[in-house]
Amino acid sequence: MRYTVAVHELCEFTAKQGDLDLRFTPAPTALEGMAGHALVAARRGPGYRAELSLSGDHGNLHVRGRADGFDPALQRLEEVKTFRGLLDKQPASHRRLHWAQARLYGWLLCRQENLDRLEVALVYLNVADQKETVFTEQCTAAELRRHFEQQCERFLAWAERQLAYRRARDDALRSLAFPFGEFRTGQRPLAEAVYKAAVAAGCLLAQAPTGIGKTMGTLFPLLKAMPTGRLDKLFFVAAKTSGRQPALDALDRIGASAPGLPLRVLELVARDKACEHPDKGCHGDSCPLAKGFYDRLPAARGVALAASSAFVALRQAQVRDVALRHEVCPYYLGQELARWADVVVGDYNHYFDLGGLLHGLTQANQWRIGLLVDEAHNLVERGRRMYTAELQPEVLAQARRSTAAGAHPAVRKVLDKVRRCWVGLDKAQASAYQVHDAFPVKLLAALQQCSSTITNHLAEHPAEPEPALLAFHFQALQLCRRAERLDAHSLVDISKPQAQGAGGPRPGTSTLCIRNLVPAPFLGPRFAAAHTSTLFSATLQPMRYHADLLGLPAGHLRVEAASPFKADQLQVRIASHISTRYQHRATSLEPIVALMARQFEDRPGNYLAFFSSYDYLQQVAGLLALRHPGLPSWSQSRRMREAEQRQFLARFTETGQGIGFAVLGGAFAEGVDLPGQRLIGAFVSTLGLPQVNPVNEQIRQRMEAMFGAGHDYTYLYPGLQKVVQAAGRVIRTPSDRGVIHLIDDRFGRGKVRGLLPGWWTNAPG
Ligand code: SF4
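Numbering follows the working numbering, with no gaps: position 502 of the sequence shown is 502.
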């Protein structure tokens, strides 16, 4: 068995020294990078060979990569790097890394073409003015070979340990037994589907009800499939921080049940959760944990992964502990450990975001990965947010204020130009909301010019970037990047704030947005990059909706696991005599209150009541308190802190009684586990349909045009999904008994009932 490593990754390991230096360096976009490489190739003479695949071996090490170009006329190998800003401000460590890569390619080329000498060149292309700066060195093949062998030698011992470790890991996984002995109802078919999808390199959409042990039912089979599917890594990504815990617990359980299982499990966290010096910048001149980071990294990495013959749980606390003992940054140590972990548990962002670390590493290393997407019904909305960009007026205003003292006139000038274009657009817009066919050309040009000027400014003044200016710069860059890829999946809109006073909102106070509606074109390639992926949730109905919006590959598999719960555990009652439509709200209050009181009288205990808005919630809660002052109730409020949320839930005790009022889609409608007597029923006084507003109407039109299902894709499916999630709080274990009141006449419609879980059969026909 050989160890295969990409040139770039080999150099990352062997050639990085000194400080971590992530000072704001405005990088070109991916498109600019590709265009830059193409431009350099086009400028070269005929016979120039771009994108050469090269490889070579040293011992058990197989090194491969793609060199940017070779000019046979000059006998010159070129490594091309695009950049923005000032080249002489580039950290020395970056330049060292680039030379190491170029020389490695140099040897691989000499070997392949039988050359005895070569000119090796670093070509830096400034994407702003398209000027090249070229550094060259003349090398003999023997020198390049020596360099190649030195780099390989520095990596070889480590690589051989990884190979031995991988063999031991795969052997142990082959004989891994299910840690609970028996599978629960529905859990085995789910596990089998995940395993089969992994072996067949497929993508699986799995609906699995609460209570069957979805996390174990997906993690275990995918671990078992790692040796057969030759998977390098397994990524478990969750929508929320709380979603990581069950996965980490399940993996601990697997580790505890299989002593001697070599498995490295890493928890990835966001920078703001791991940073030890939030007031500092990520470079050696500012942060002590960035100073000499790469010099101390090997020791920290070695300690973190030391117990390679056993289960290693690298949770946030453990990574922090190792990092601080070695005086390196815990956040960036975590990123480094992601290269060597077998299972990484993180957030959706880590894989699906434009610059997601896990996706980037997968591409760079050509890993075969198994991907598990937890609570996948959240991915449509999260995906939309990831690929939406906004420009907010207050961010521009603060950036302009930061340059008000006249210290940076060039920056002030371009910011003013953006403002003038923005004001012009606002003046021309009569309505509060307007959709544009394309991003306004003048504004885009002003933003691009502005970004370029700020980039140069930041490159010239790297020590003290103005936070307000940076914040604007990031928004502007994002918007320009999204504008590059504008298509039917997104729309451009401008929303004015609510009218203030007689004259309406001031021009220049609108919000500009490139709003993603269909994340499929962005997420689809991420699924394609995974060897196998499973998206699972209790609420994925209808599956076609998720497949369309998430960009799942044609031929993906679908499975619906049976519920471990029986129909007689749950009474589902539909209050068809009540309408919760906005125009009927006032008349709905009395019957809802009467229904709640009746249910409570029949069976006192703990209930949750869900409403579409805080206003509606307060109206019903107020009337209930008036009509039934003895019936205990408590309500969710806007912007509840974590402690207040805990207090809200603490009232649901085994012996407690009362009704907790909450909003549908809020903090208590998902991920809340109140088994047994802690929750015996729920009232859902809404279909959860998103509000009809100009934005949602645009979405509806786009969904109609793209999928022929405007209303359903915009309103009905997302709404019912929230209803089922919220009502799913009631039955959590096979011994729970409960009732759900679905309050609205529309719940009686066949189409709506068809979207409710199949095992909710105990509803009136
Ligand atoms: S501790 Fe914080 S400031 Fe320092 S390098 Fe890490 S993330 Fe950056």
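For every residue, glycine included, the Cβ atom is placed at its ideal position computed from N, Cα and C. This structure is a prediction, so every number in the text was calculated from the model and none was measured.
- By the neighbour-count definition (other C-beta atoms within 10 Å, threshold 16), E670 is a buried residue.
- Under the 8 Å Cβ criterion, the stretch 536-545 does not count as touching the stretch 507-526, having fewer than three qualifying pairs.
- If you compare the alpha carbons of F13, E460, M596, E394 with that of R573, the shortest gap goes to M596.
- Beta-carbon to beta-carbon, A15 and A121 are separated by about 18 Å, too far to satisfy the 8 Å threshold.
- A distance below 8 Å separates the beta carbons of E79 and V123.
- Fewer than three pairs of CB atoms, one per stretch, sit closer than 8 Å, so the stretch 271-289 makes no contact with the stretch 210-222.
- In the DSSP assignment, Q316 falls within the alpha helix (DSSP H) that extends over 316-325.
- Taking the CA atoms as reference points, L190 sits about 21 Å from K233.
- Judged by the Cβ position, Y331 qualifies as a neighbour of the ligand SF4 at the 7 Å threshold, a heavy atom of the ligand being closer than this.
- With respect to the 8 Å criterion, I212 and A561 are classified as neighbours on the basis of their beta carbons.
- For the ligand SF4, no non-hydrogen atom lies closer than 7 Å to the CB of H326.
- Relative to the ligand SF4, even the nearest heavy atom lies 7 Å or more away from the CB of G18.
- Taken through DSSP and simplified to helix, strand or coil, H741 comes out as strand.
- The ligand SF4 never approaches L357 closely enough for any of its heavy atoms to be under 7 Å from the residue's Cβ.
- It is roughly 14 Å from the alpha-carbon of Y105 to the alpha-carbon of Q150.
- A straight-line Cα-Cα distance of about 15 Å links L372 and H546.
- Per DSSP, W634 lies in no alpha helix (DSSP H) segment; the continuous beta strand (DSSP E) that holds it begins and ends at 633-635.
- Residue range 49-58 is occupied by the beta strand (DSSP E) that includes D57.
- Exclusion of the five residues before and after F747 leaves I574 as the residues of its chain whose Cβ lies within less than 6 Å of its Cβ.
- Of E119, H62, L517, R84, the smallest CA-CA separation from R76 is found for E119.
- Per DSSP, the continuous beta strand (DSSP E) segment holding S490 begins and ends at 490-495.
- Burial is judged here by how many other beta carbons sit within 10 angstroms of a residue's own beta carbon; Y582 has fewer than 16 and is exposed.
- Proximity to Y607 across A567, T655, R515 peaks at T655, based on C-alpha coordinates.
- Annotation: N365 to P757 spans about 41 Å, alpha carbon to alpha carbon.
- Not one heavy atom of the ligand SF4 is found less than 7 Å from the C-beta of R638.
- Secondary structure note for D295: its alpha helix (DSSP H) is the uninterrupted segment 293-304.
- Counting only runs of at least 4 residues, the stretch 585-660 fully encloses the following alpha helix (DSSP H) elements, listed from N- to C-terminal order: 585-602, 614-627, 642-650.
- Rounded to whole angstroms, R117 and L109 show a C-alpha spacing of 10 Å.
- Remark: the shortest separation between the CB of L470 and any heavy atom of the ligand SF4 does not fall under 7 Å.
- A buried status is given to D426, since no fewer than 16 other beta-carbon atoms sit within 10 Å of its beta-carbon.
- Exclusion of R296 from the 7 Å shell around the ligand SF4 follows from its C-beta lying no nearer than that to any non-hydrogen atom of the ligand.
- Bounds of the alpha helix (DSSP H) holding H98 are 92-113.
- In chain order, I494 place their CB closer than 6 Å to the CB of Q434, counting only its own chain and leaving out the 5 sequence neighbours on each side.
- Its chain contains no residue whose beta carbon lies nearer than 6 Å to that of R188 once the 5 sequence neighbours on both sides are disregarded.
- For T509, there is no enclosing alpha helix (DSSP H), since its DSSP letter is neither H nor E.
- Contact between the stretch 314-328 and the stretch 261-270 is present, with at least three C-beta pairs closer than 8 Å.
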